[in-house]
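Protein chains in written order, with the working numbering: chain X, 5 to 303; chain C, 764 to 1016. We treat Cβ as the ideally placed atom computed from N, Cα and C, and that holds for glycine. Because the structure is a prediction, the values reported are computed rather than measured.
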Amino acid sequence: MAIMKFDIPSETMGRQVTFEALVPAESLREGEKLKTLYLLHGVQGSYINWITCTNIYRLLGTRNLRASNLRTDGVHTRSLCGQDDAGEAVKLAVIMPSGGNGFYHPIPAGPDWGRQPNMGHQHDYEAFIARELVEKTRQMLPLSRRREDTGIAGLSMGGYGALYLGIKYSDTFGFAGGLSSALLTQRTRDENFVEGAFFRQPEFLDLVFGGFDENRIQNDVFANALILKHNAGTAGVPLAETLPEIYFACGEQDPLLELNQKLDEDLSRVEIPHTFETHAGAHEWAFWEWGIERILERF
Amino acid sequence: MSLIQMDFSSTALQRFTTMEVFLPDIPVPEKGFRSLYFLHGYHGNHTDMLRRLNLLKYAEQNDIAIFMPDGDNAYYADFPERAEYYHQYIGEELVQLTRRTFPLSREREDTYVAGISMGGGGALRLGFSYAGTFGRTAALSGYMVENEAFDPVGHGTNAFKALDDVMMGRQASLFSFGFPGAALVELPKMYLTVGQEDVVLEGNRQFHRSLRMYDLPHVYREYPGEHNWDFWNDRLGEMFDFLNGRLDSLEEE
C-alpha cells in the first residue's frame, strides 16, 4: 500500500497545505474506484498523528487485502456477499489532513490586512475539509464519488469535526465517526478552564466556535442532526437516505464521556439512528487504536 | 502545482521504493494529464529533480504531470541476479501504477520519458524498448559510451547496442510483451542535447550519427557548457519545447 504525502495549494486556506494519504495503489485494477475515509486529528496535532501513533497502515493493509481477495475470488464473493461484483467500491483509501487547532471551523489566521477573504486572515478548515479537499482528492486519485463510499472520522477535536461536518455535509458523507469527540458546550467552556491549556481558555474557544449559546445551531452536532431530520421530513424523504451512518465511541475513563452520553441520549430521544459504544480507556492513543479498528470494520 | 512524495511497493524492484510527483492543479482534461517520467543521474536520486532543477516552473507552464522515480545507480537496466529490474520498473510497472493512481492520458503522444546523464541514456533505451508507450524521449547530457566492454554481462546499459538491436528487429519479442503488435510502432521522437565541454560529448555525437544513419527523426543540440546543473537548467526550456512539438519541424537539422 502506498503512503503519499501531498503538498497542494488551497483556496479556502489561503496557503499551501500538507496532507497524507494511504492508497492501495499497487493492487488497483483498471478503472477501479476506492472508498474513502477522511480522518481528522485532535488538538495540538497534524496530518501525521494517525500514522505515527496508531497501527492504521497495517490495519488498512489487512482490510484491503481481504477486500482484494473477495473481489478476485469469485467463489468467496458469491458465498460471502451473496452477489458477484456489483461494481461498488470495496478497497479503502484514507486521507489525513491537518486542521490546526481550529475545531474544523473557519477561524482567523494571521493579521487582517483588509484584503479579500482567505488572503492572510482566515483559515476556513470547514470548507477546506468538507468541500475543497474532497473535490481535489477525487480529482487527483481514483476515489469513488458516491456518498455511501465516502466517510469522515476523527478523534477528540477531530471526532467533533467528523460528526459535525459529516452530518452538516451529508450530501457528501455517508458515514460519520467520532472517537472521544470534543462535543463542547457553554458549560464546558465555563467550567473546564485549566491553567496552561490554551484550548481550554474561554477566549480561545469563543474565537474558534464563534461563541457558545444554548440555542446555537451553526456548529452543534445535535442541532445539525435535527435540521437534517426536519428537512427530510419536510421533503418526504426517508431519513436513512439523507442521514449518514453515525458512529461514535468514548473511553470509560475519558472526561468527555458525559458529553458523548448526552449526544447518545439526545439522538435517541428524537429517534435519529446512530451507534454509540463505550470501551475501557481514557483520552489516549490506546483507546483510539481500538477505535480506529472499529471504524475500519464498520465503514 | 501539487507536490506528492509517494512511497510504495514495487514488484520489479522487490522492495519499497519512492518517488516525487508534480500534479497540475487545473481541471483534469478529458483524456487525462500528459505525463513525463524524469530520470535522475548517477550518484543522485529522485530529490535532485526538486533540489537542483527548476522543473516546477516548466511543470506549471505546461500543465504536465511529472514523475521522478528513484533509480539508484542502476543505469535503468535489469539485473536478474539481484532481482532488480529497473528498466522494466520504469517502462511497465511505474507507467501502469501511475496511470491507475492518477488521472493520466493513456495515449503514446502524451507520454514522455527523459533524464539527465545516466537518466538520459536510460530514457533513450526505455524509448526503444517501450516504443508503444512513450511518444517522445529526451536526453540531457545522456551518458552513452560506444563500448561493448561497458556492458560486459549484458544488462542492456549500452544505448548504442540498444539502438542497433531495435533497428535489427532483435527486440521484437520484447516489444510484443504486453503490447501485441507493438513491433510495428514507430520509435519515439528523440531530443539530445550536450555541452561542448562535457566528457560525454563524443558519445552523443556518435549517437547522433547513428540516428542519422538509421534515418530516425531526432533533434540534436550542442551548446557551450559542462556536465553540471547549470547546463541542465538552461536546457529545460528547449526540452519542453521539444515535448510540446515545437521543435518537430527542426528534426534532423
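What did DSSP end up calling residue i once you bin it into helix, strand or coil?
i: Asp928/C; result: helix
i: Gly162/X; result: helix
i: Asp978/C; result: coil
i: Pro242/X; result: coil
i: Ile767/C; result: strand
i: Phe252/X; result: strand
i: Val908/C; result: coil
i: Pro28/X; result: coil
i: Leu867/C; result: strand
i: Gln959/C; result: coil
i: Asp175/X; result: coil
i: Phe891/C; result: helix
i: Phe10/X; result: strand
i: Phe842/C; result: strand
i: Asp258/X; result: coil
Using alpha carbons as the reference points, say which of the options lies closest to residue i.
i: Pro206/X; options: Gly214/X, Gly200/X, Asp217/X and Asp194/X; result: Asp194/X
i: Ile171/X; options: Asn223/X, Thr189/X and Thr141/X; result: Asn223/X
i: Ala25/X; options: Ser31/X, Pro101/X, Glu262/X and Pro248/X; result: Pro101/X
i: Arg845/C; options: Leu860/C, Ile829/C, Ala775/C and Met812/C; result: Ala775/C
i: Leu867/C; options: Tyr977/C, Ala886/C, Tyr800/C and Glu965/C; result: Tyr800/C
i: Glu870/C; options: Tyr893/C, Tyr986/C and Ser973/C; result: Tyr893/C
i: Thr781/C; options: Leu903/C, Gly834/C, Arg998/C and Lys952/C; result: Gly834/C
i: Met907/C; options: Leu964/C, Thr874/C and Tyr852/C; result: Leu964/C
i: Arg302/X; options: Leu169/X, Lys233/X and Thr154/X; result: Thr154/X
i: Leu857/C; options: Glu783/C, Gly804/C and Leu819/C; result: Glu783/C
i: Gln20/X; options: Arg888/C, Phe779/C and Asp788/C; result: Asp788/C
i: Pro248/X; options: Thr176/X, Gln265/X and His287/X; result: Thr176/X
Can you grab the Cα-Cα spacing for the pair residue i / residue j, in whole Å?
i: Leu145/X; j: Thr864/C; result: 6 Å
i: Ser772/C; j: Gly240/X; result: 49 Å
i: Ile7/X; j: Leu802/C; result: 21 Å
i: Phe1044/C; j: Leu926/C; result: The structure shown has nothing for residue 1044/C, since chain C only spans 764 to 1016.
i: Glu15/X; j: Thr22/X; result: 13 Å
i: Ser184/X; j: Cys254/X; result: 5 Å
i: Gly807/C; j: His918/C; result: 20 Å
i: Gln126/X; j: Phe216/X; result: 20 Å
i: Asn817/C; j: Glu823/C; result: 11 Å
i: Asn44/X; j: Gly158/X; result: According to the sequence shown, residue 44/X is Leu rather than Asn. Whole-angstrom Cα-Cα distance: 4 Å.
i: Phe923/C; j: Thr861/C; result: 29 Å
i: Leu766/C; j: Glu949/C; result: 33 Å
i: Asp928/C; j: His990/C; result: 28 Å
i: Ser72/X; j: Thr238/X; result: 42 Å
i: Asp270/X; j: Ser160/X; result: 19 Å
i: Arg814/C; j: Asn996/C; result: 12 Å
i: Glu847/C; j: Asp841/C; result: 6 Å
i: Gly78/X; j: Arg33/X; result: For Gly78/X, the predicted model reports a pLDDT of 44, less than 50, meaning its position is unreliable; a value from the coordinates is still stated below. Using only the alpha carbons, I get a separation of about 16 Å.
i: Ile276/X; j: Arg151/X; result: 19 Å
i: Pro843/C; j: Tyr849/C; result: 10 Å
i: Ile156/X; j: Leu819/C; result: 33 Å
i: Tyr805/C; j: Ile879/C; result: 9 Å
i: Asp268/X; j: Ala166/X; result: 16 Å
Grab the span of the beta strand (DSSP E) containing residue i for me, first residue to last.
i: Tyr875/C; result: Thr874 to Ile879
i: Leu271/X; result: Careful: Leu271/X lies outside any beta strand (DSSP E), inside the alpha helix (DSSP H) at Leu261 to Arg273.
i: Phe1005/C; result: Element bounds for Phe1005/C: not the beta strand (DSSP E) but the alpha helix (DSSP H), Trp992 to Leu1006.
i: Phe280/X; result: Thr279 to His283
i: Leu304/X; result: Nothing about residue 304/X can be read from this structure; chain X reaches only from 5 to 303.
Tell me the residue span of the alpha helix (DSSP H) that contains residue i.
i: Leu147/X; result: That residue, Leu147/X, is in no alpha helix (DSSP H); it is neither H nor E in DSSP.
i: Gly198/X; result: Checking the sequence shown, residue 198/X turns out to be Val, not Gly. Unbroken run through Val198/X: none, as it is neither H nor E.
i: Leu211/X; result: Pro206 to Phe213
i: Arg135/X; result: No alpha helix (DSSP H) holds Arg135/X; DSSP gives it neither H nor E.
i: Ile55/X; result: Asn53 to Cys57
Cβ of residue i versus every heavy atom of the ligand ATP: is any distance shorter than 8 Å?
i: Ser892/C; result: Ligands are entirely absent from the displayed structure, and the ligand ATP is therefore not among its contents.
Whole beta strand (DSSP E) elements within the region 775–837 of chain C, 3-residue minimum: 778–786, 797–802 and 827–832
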